[in-house]
Amino acid sequence: MLNDGIISPSNSPFSSPIILVKKKDGTWRFCIDYRALNAITIKDSFPIPTVDELIDELYGARFFSKIDLRSGYHQILVKEEDRCKTTFRTHQGYYEWLVMPFGLTNAPTTFQSLMNDVFKGLLRKSVLVFFDDILVYSSSWTMHLQHLEAVLKLLQQHKLFVKLSKCLFGLNQIDYLGHILCGEGVAMDKLKIQAVIDWPIPTTLKQLRGFLGLTSYYRRFIKGYASIAASLTNLLKKDSFGWDDTATTAFQELKKRIIAAPVLALPNFSKPFILETDASGHDIGAVLSQDCHPIAYFSKKLSPRMQKQSVYTREFYAISEAIAKLKHYLLGHKFIIRTDQKSLRSLNDQSLQTPEQQTWLPKLLGYDFTIEYKPDKENIPADSLSRSFMALCLIHSTFIENLRKAQLEDPDIAAIVQKCSSNSPPGPHYTLQDTLLL
Numbered sequence: 001m002l003n004d005g006i007i008s009p010s011n012s013p014f015s016s017p018i019i020l021v022k023k024k025d026g027t028w029r030f031c032i033d034y035r036a037l038n039a040i041t042i043k044d045s046f047p048i049p050t051v052d053e054l055i056d057e058l059y060g061a062r063f064f065s066k067i068d069l070r071s072g073y074h075q076i077l078v079k080e081e082d083r084c085k086t087t088f089r090t091h092q093g094y095y096e097w098l099v100m101p102f103g104l105t106n107a108p109t110t111f112q113s114l115m116n117d118v119f120k121g122l123l124r125k126s127v128l129v130f131f132d133d134i135l136v137y138s139s140s141w142t143m144h145l146q147h148l149e150a151v152l153k154l155l156q157q158h159k160l161f162v163k164l165s166k167c168l169f170g171l172n173q174i175d176y177l178g179h180i181l182c183g184e185g186v187a188m189d190k191l192k193i194q195a196v197i198d199w200p201i202p203t204t205l206k207q208l209r210g211f212l213g214l215t216s217y218y219r220r221f222i223k224g225y226a227s228i229a230a231s232l233t234n235l236l237k238k239d240s241f242g243w244d245d246t247a248t249t250a251f252q253e254l255k256k257r258i259i260a261a262p263v264l265a266l267p268n269f270s271k272p273f274i275l276e277t278d279a280s281g282h283d284i285g286a287v288l289s290q291d292c293h294p295i296a297y298f299s300k301k302l303s304p305r306m307q308k309q310s311v312y313t314r315e316f317y318a319i320s321e322a323i324a325k326l327k328h329y330l331l332g333h334k335f336i337i338r339t340d341q342k343s344l345r346s347l348n349d350q351s352l353q354t355p356e357q358q359t360w361l362p363k364l365l366g367y368d369f370t371i372e373y374k375p376d377k378e379n380i381p382a383d384s385l386s387r388s389f390m391a392l393c394l395i396h397s398t399f400i401e402n403l404r405k406a407q408l409e410d411p412d413i414a415a416i417v418q419k420c421s422s423n424s425p426p427g428p429h430y431t432l433q434d435t436l437l438l
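According to UniProt numbering, the sequence shown is numbered sequentially starting from 1.
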């Protein structure tokens, strides 16, 4: 980075620690933990465009191109008087950024402001910009070539470089901000509702209860819910689980209703989002909502390795994956995360002690969120999604059980465990995972 001219040595009184995250290819990603700096930073109130108002501008468009900048943040210079605040420490000394680094709380809005200035003459006419998603759209091929030329000239004029391998040009259909755009109109991205679409037919009472738990949570938005679900709720009363064609019809109808308007609402970006997440032994799940209206669903099956991790780790993973999948709703907007893992309430104050924390936390630094604890019995939508495929299956370890027992028998440690278990968040030096003090 010194050779690339994006950092320089520093003697600043500011200092943030670095985090090295191992990539899948074996190389390392360089990240900086800016939580302390972000906590004392005045948040930028620059208006962020909403997804629905951007999509409304596309009437009549038949040709689309998407442009991706090469390391977009690193193409923005930091004012000389502010560079000292970006200082990070290494074993070789202190360094500060000459360009905008990832992880600063105001980095997304700064980037959006720059893009708006660059394309101000074309915005909402032939160009849409949502952070680093630049979309060029036109009603004819001839016009599209002209629009592309204008965009590329502006990028050249402002010395902004693109990553050609991630750009798409001259398409009749394109994925943009969770929607499929084409000449005929706009369709919802199936990934938004895939978790419900893929929900398998229940084979046990426990799986049926999970499905009914999700659908009944939104029953006031489903006309005739009780009548539609009657054949399924009747199965809960019987001594034996007997699935039939009537149950299949009701099951499919409820799936169809729960992903249709008015149940699946359009987002209101003037209100905060609620992101409810949960992890079972085999799956993670999340529901994004506002005013109890679901906006998007997400679920993912855990790898065998992840299934063996602690509840804390799986719940943290659920938050990280859900935010990544729902990025275009959450970036630049305040939102509340609700989880049934109490120790995650103090996530922003915890020291990075595990490889998982070092991998996932840097991905969340650019988002403006708070975490609330919500008991498992109240976290119905996300809990149902996370358990849609299999019942909870935990790995038991004699060593862990013995260690947990020994901690509770020690008066000093037991007192700390009690404090961490109370309503007040645990201190930054302690983490409670499955009632085990770390």
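C-beta atoms are modelled at their ideal positions from N, C-alpha and C, and glycine is treated no differently.
| Item | Value |
| --- | --- |
| Euclidean distance between Cα positions of L128 and L135 | 5 Å |
| Short Cβ contact (8 Å threshold) for L181 with L58 | yes |
| Residue span of the alpha helix (DSSP H) that contains residue 441, given as start and end | The chain is shown from 1 up to 438; residue 441 falls before or after that span and cannot be answered. |
| Start and end residues, beta strand (DSSP E) containing K22 | S16 to K22 |
| C-alpha gap between K363 and Q156, whole angstroms | 30 Å |
| Cβ shell of H328 (< 8 Å), same chain only, five flanking positions each side left out | V51, F130, D133, L177 and G178 |
| CB-CB length for L352 against I371, believed under 8 Å | The Cβ separation is near 16 Å, so there is no contact. |
| Rounded separation between W243 and L235 - CA only | 8 Å |
| Distance CB(L69)-CB(F169) smaller than 8 Å | no |
| Run of the alpha helix (DSSP H) containing F161, from where it starts to where it stops | Premise fails: F161 is in no alpha helix (DSSP H) and is neither H nor E. |
| Separation of A226 from T398, as counted between CA atoms | The predicted model places T398 with a pLDDT of 44, which falls under 50 and marks its position as unreliable; any figure quoted below should be read in that light. Taking the straight line from one Cα to the other gives about 46 Å. |
| Backbone secondary structure at F389 - three-state DSSP | Because the pLDDT at F389 is just 43, under 50, the model does not fix this residue reliably, and the point stays unresolved. |
| Beta-carbon proximity of I319 to I337, cut-off 8 Å | yes |
| According to DSSP, residues forming a beta bridge with S372 | At residue 372 the sequence reads Glu, which differs from the Ser that was named. DSSP output for E372 lists R338 as bridge partner(s). |
| Pick from K271, I222, T215 and F241 that is closest to K206, judged by C-alpha positions | F241 |
| Residues that E276 bridges to, as DSSP identifies them | V287 and R338 |
| Cβ distance (whole Å) where C167 is taken to contact I67 below 8 Å | 5 Å |
| Coil, strand or helix - D412 by DSSP | helix |
| Under the three-state DSSP convention, the category V78 falls into | coil |
| Limits of the alpha helix (DSSP H) - the one that R257 falls within | D245 to I258 |
| The beta strand (DSSP E) enclosing W28, as first and last residue numbers | W28 to I32 |
| Alpha-carbon to alpha-carbon, P200 and C420 | 38 Å |
| Meets three-Cβ-pair contact criterion under 8 Å: the stretch 5-12 and the stretch 80-96 | yes |
| Option nearest I174 by Cα separation, candidates A260, A150 and Y137 | Y137 |
| Backbone CA spacing between F389 and P202 [nearest angstrom] | Below a pLDDT of 50, predicted positions are generally treated as unreliable, and F389, at 43, falls in that range; no measurement from the model is reported. |
| Among Q92, S139, D82 and H74, nearest to A61 - alpha-carbon criterion | S139 |
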